[in-house]
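Heads up: the sequence shown begins at 11 in the working numbering, then just goes up one per residue. The C-beta atom is built at its ideal place from N, Cα and C for all residues, glycine as well.
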Amino acid sequence: MPNWQKLYIGLGVSVGVCTGIGFYLIYRHQRQSALSKPSRPLTPTLLLSSLRPCHDDQYVHRISPSEIDNDDSEFIEFQHGRQIPDGSVPLTPDQASILTHFLCECNNDEEQLHYVLTSIANASTFKESQINLANAGCINHLRGMLLNADNEKTKCKIFLALHNLALNDFAITQFSSIVSIVINRCRLSPSNSLVRVNGLTLLINMSVLEYLHEEYMTNIYELGLLIESTIHYEDEALSSGKILVNLSTNKLNLENLLKLTGVELKPIMNLFTSNIDQLSKSEDILLRFLSFYCNVADMIVNELKESEDSNNNSSSWLIDSTLQRQGALYFEFFDRDKQTLAKSLLRPQYTSIQINSQRKRLYQLMDKIRQYQLELSVVSN
């Protein structure tokens with residue numbers, strides 16, 4: 011064999027040996043690193059994206075676990091060593107059933123009942139828990155408890171337990187009759203009480219989805235009395251404004267919203283424009299009520315326009331004031347004296363661009379309503 015062939019063979023063997031040794035050293039180093047590295051526990055992440063409101067122009071109040079009394083453990087231990095999940099992580103169907111079962115079992119033990127209600131409030135920040143709690147019959151039990159609760163703290167805990175459940179489009183199908191119960195509970199409670207604050211917040215959330223709007227309309231007179239009683243209290247008035255804005259995004263509510271009392275434009279404008287520099291929330295409150303008025307005016311204009319375009323009298327009820335009770339919202343839009351008063355109240359004069367914009371919008375809508383009103387009266391004659 012020639013020498014040059016021996017040389018090539020030797021070089022090939024050397025390269026193969028070196029490569030093998032290199033791979034072995036790399037493998038041993040990686041194995042030692044893996045054995046010496048400590049394992050790290052995985053932490054569950056809180057997801058709130060499922061709680062977004064349906065419409066950008068609606069108002070929603072989310073309750074997070076940090077706003078509810080809680081400890082650091084994932085379970086609450088009761089007497090006899092029994093444990094229930096505290097709701098800090100999503101509930102499984104079995105855990106949701108356990109919590110619902112405890113609602114009935116600890117009905118006579120106020121402290122334990124409050125622990126369970128807090129756990130439900132915590133858990134309902136998760137979409138999975140909302141669905142599992144609804145399937146377990148939790149909402150039906152909460153409704154029954156709310157009817158019979160006579161303790162202020164218990165009522166508030168029930169409201170908190172329902173807050174986030176009301177934002178789930180499946181869970182809310184089980185909220186039948188809860189709107190009327192909450193309205194009555196709020197009406198019978200003192201102004202600025204915790205029951206009022208938490209009850210109004212629940213009414214905001216239950217009005218985000220349109221599923222329960224019919225119940226609000228069925229209770230429109232009671233709702234009007236409640237809203238009227240909140241006007242002189244900043245936080246309550248702001249909540250009332252948010253409820254009204256949510257309800258006024260649904261055109262099916264127009265006829266009943268016009269029956270609403272306690273929301274006359276003049277006292278609202280006078281109260282919140284006079285205090286706009288003294289009360290921190292006056293501008294926000296005024297903006298909500300103006301937005302509500304604009305939404306209702308928009309629906310009226312659309313209804314009148316559709317009637318005119320189709321050459322029928324489908325909107326004749328809009329110019330029949332005999333169907334309305336004294337002080338109804340209807341007269342703010344259709345009474346001649348109220349229309350004239352509104353024009354003087356709605357002249358832009360404040361530094362807030364948003365408020366001036368809404369005042370201008372409402373002013374223009376009032377003009378359109380008056381024009382359609384005159385045209386309809388001519389046709390009817």
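inquiry  = If you reduce the DSSP assignment to three classes, tell me which class Gln93 lands in.
reply    = Reading the sequence shown from its first residue, position 83 is the one you call residue 93. Strand.
inquiry  = I'd like to know whether the C-beta atoms of Ser392 and Leu175 end up nearer to each other than 7 Å.
reply    = As shown, the chain starts at 11 and ends at 391. That puts residue 392 outside it, with no answer to give.
ask   = What distance in whole Å lies between the Cβ atoms of Leu281 and Ile365, which are believed to be in contact at a cut-off of 8 Å?
value = Indexing the sequence shown from 1 puts residue 365 at position 355. Indexing the sequence shown from 1 puts residue 281 at position 271. Actually they do not touch by this definition, with Cβ atoms about 14 Å apart.
inquiry  = Is the separation between the beta-carbon of Asn215 and that of Leu177 shorter than 7 Å?
reply    = Within the sequence shown, numbered from 1, the residue matching residue 215 stands at position 205. Within the sequence shown, numbered from 1, the residue matching residue 177 stands at position 167. Contact flag set, yes.
key: Per-residue burial, Thr211 [other beta carbons within 10 Å of its own, 16 or more giving buried]   = Counted from its first residue, the sequence shown places residue 211 at position 201. Buried is the call here.
query = Who are Ala338's beta bridge partners in DSSP?
reply = Here residue 338 refers to the residue found at position 328 when the sequence shown is read from its first residue. Its beta-bridge partners are Thr271.
request  = Kindly indicate which residue of Asn266, Arg298 and Leu213 has the alpha-carbon position closest to the one of Glu244.
outcome  = Residue 244 sits at position 234 when you count from the first residue of the sequence shown. The candidate whose alpha carbon is nearest that of Glu244 is Arg298.
inquiry  = Please return the same chain residues whose Cβ sits closer than 6 Å to the Cβ of Ser258, not counting the five positions on each side in sequence.
reply    = Translated into positions along the sequence shown, residue 258 becomes position 248. Phe302, Asn305 and Val306, listed in sequence order.
request  = Would you mind stating whether Leu275 and Ala352 have Cβ atoms separated by less than 7 Å?
outcome  = By one-based count along the sequence shown, residue 275 stands at place 265. By one-based count along the sequence shown, residue 352 stands at place 342. Closer than 7 Å, so yes.
inquiry  = Using only the alpha-carbon positions, how far apart do Val205 and Cys166 sit?
reply    = Within the sequence shown, the letter at position 195 stands for residue 205. Within the sequence shown, the letter at position 156 stands for residue 166. Each residue's alpha carbon lies about 6 Å from the other.
request  = Reducing DSSP to helix, strand and coil, say where Gln291 ends up.
outcome  = Taking the first residue of the sequence shown as 1, we reach residue 291 at position 281. Reading the sequence as shown, one finds Lys at residue 291 and not Gln. DSSP places Lys291 in coil when its eight states are reduced to three.
ask   = Comparing alpha-carbon positions, which option in Met376, Thr164, Thr183 and Ile237 lies nearest Glu121?
value = Working through the sequence shown from its first residue, we reach residue 121 at position 111. When each option's Cα is compared against that of Glu121, the closest is Thr164.
ask   = With distances taken between CB atoms, is the gap from Arg369 to Leu356 smaller than 7 Å?
value = Position 359 of the sequence shown, counted from the first residue, corresponds to residue 369. Position 346 of the sequence shown, counted from the first residue, corresponds to residue 356. Yes, the Cβ-Cβ distance between Arg369 and Leu356 is below 7 Å.
task = Using 10 angstroms around the beta-carbon of Ser83, count the other beta-carbons present and answer buried if the total reaches 16, otherwise exposed.
result = By one-based count along the sequence shown, residue 83 stands at place 73. Reliability of the predicted coordinates at Ser83 is poor, the pLDDT of 44 falling under 50, and no value is obtained from them.
task = Kindly list the residues whose CB is nearer than 7 Å to the CB of Met227, restricted to its own chain and excluding five residues on each side of it in sequence; keep chain order.
result = The residue labelled residue 227 in the question sits at position 217 within the sequence shown. The residues are Asn263 and Asn266.
Entirely enclosed beta strand (DSSP E) segments - the segment 231 to 281, minimum 3 residues = none
query = Which runs of the alpha helix (DSSP H), 4 residues or longer, sit entirely within the segment 164 to 208?
reply = Qualifying alpha helix (DSSP H) stretches, in chain order: 188 to 197.
request  = Output the distance between the C-alpha atoms of His124 and Glu342, rounded to the nearest integer angstrom.
outcome  = On the sequence shown, residue 124 is found 114 positions in, with the first residue counted as 1. On the sequence shown, residue 342 is found 332 positions in, with the first residue counted as 1. So the two alpha carbons sit approximately 45 Å from each other.
inquiry  = On a Cα-Cα basis, can you pick out the residue from Leu152, Phe344 and His173 that is closest to Val218?
reply    = Within the sequence shown, residue 218 is the residue found at index 208, counting from 1. Of the residues Leu152, Phe344 and His173, the one whose Cα lies closest to the Cα of Val218 is His173.
request  = Given a cut-off of 7 Å, decide if His223 and Asn260 are closer than it, judged by their beta-carbon atoms.
outcome  = By one-based count along the sequence shown, residue 260 stands at place 250. By one-based count along the sequence shown, residue 223 stands at place 213. Yes; because the gap between Cβ atoms is below 7 Å, this pair is in contact.
ask   = Can you name the start and end residues of the alpha helix (DSSP H) that Ile108 belongs to?
value = Against the sequence shown, residue 108 aligns to sequence position 98. Note, Ile108: alpha helix (DSSP H), Pro103 to Glu115.
ask   = What's the call for Gly234, buried or exposed, on a 16-neighbour Cβ count within 10 Å?
value = Within the sequence shown, residue 234 is the residue found at index 224, counting from 1. Buried.
query = When the Cα atoms are used, what is the spatial distance from Pro103 to Ala146?
reply = Looking up residue 103 in the sequence shown gives position 93. Looking up residue 146 in the sequence shown gives position 136. Answer to the nearest angstrom: the Cα atoms are 7 Å apart.
key: First through last residue of the alpha helix (DSSP H) which encompasses Arg346   = Here residue 346 is taken as the residue at index 336 of the sequence shown, counted from 1. Arg346 -> alpha helix (DSSP H) spans Arg346 to Leu355.
Among Leu156, Met155, Ile188 and Gly251, nearest to Ile295 - alpha-carbon criterion = Stepping through the sequence shown from its first residue, residue 295 is reached at position 285. Closest option to Ile295, Cα to Cα, is Gly251.
ask   = How many Å lie between Thr283 and Gln334 at the Cα?
value = In the sequence shown, the residue the question calls residue 283 occupies position 273. In the sequence shown, the residue the question calls residue 334 occupies position 324. Taking the straight line joining both Cα atoms gives about 29 Å.
request  = For my contact list, Ile168 and Leu156 are in at a C-beta cut-off of 8 Å; report their separation, rounded to the angstrom.
outcome  = For the purposes of this step, residue 168 is taken as residue 158 along the sequence shown, with counting starting at 1. For the purposes of this step, residue 156 is taken as residue 146 along the sequence shown, with counting starting at 1. Ile168 to Leu156, Cβ: 5 Å. Contact.
task = For Ser201, count neighbouring Cβ atoms within 10 angstroms of its own Cβ and tell me buried if that reaches 16, exposed if not.
result = For this step, residue 201 is matched to residue 191 along the sequence shown. Its Cβ having fewer than 16 others within 10 Å, Ser201 is exposed.
query = In chain order, what residues of the same chain have a beta carbon less than 8 Å from the beta carbon of Asp330, not counting five sequence neighbours either side?
reply = Taking the first residue of the sequence shown as 1, we reach residue 330 at position 320. Here the set comprises nothing.
ask   = Apart from the five residues just before and just after Pro51, which ones in its own chain have a Cβ nearer than 8 Å to its Cβ?
value = Your numbering for residue 51 matches position 41 in the sequence shown. Unreliable placement is indicated for Pro51, whose pLDDT of 32 sits below 50; the coordinate value is still reported in the next sentence. Closer than 8 Å at the Cβ level, and outside the excluded window around Pro51, lies no residue.
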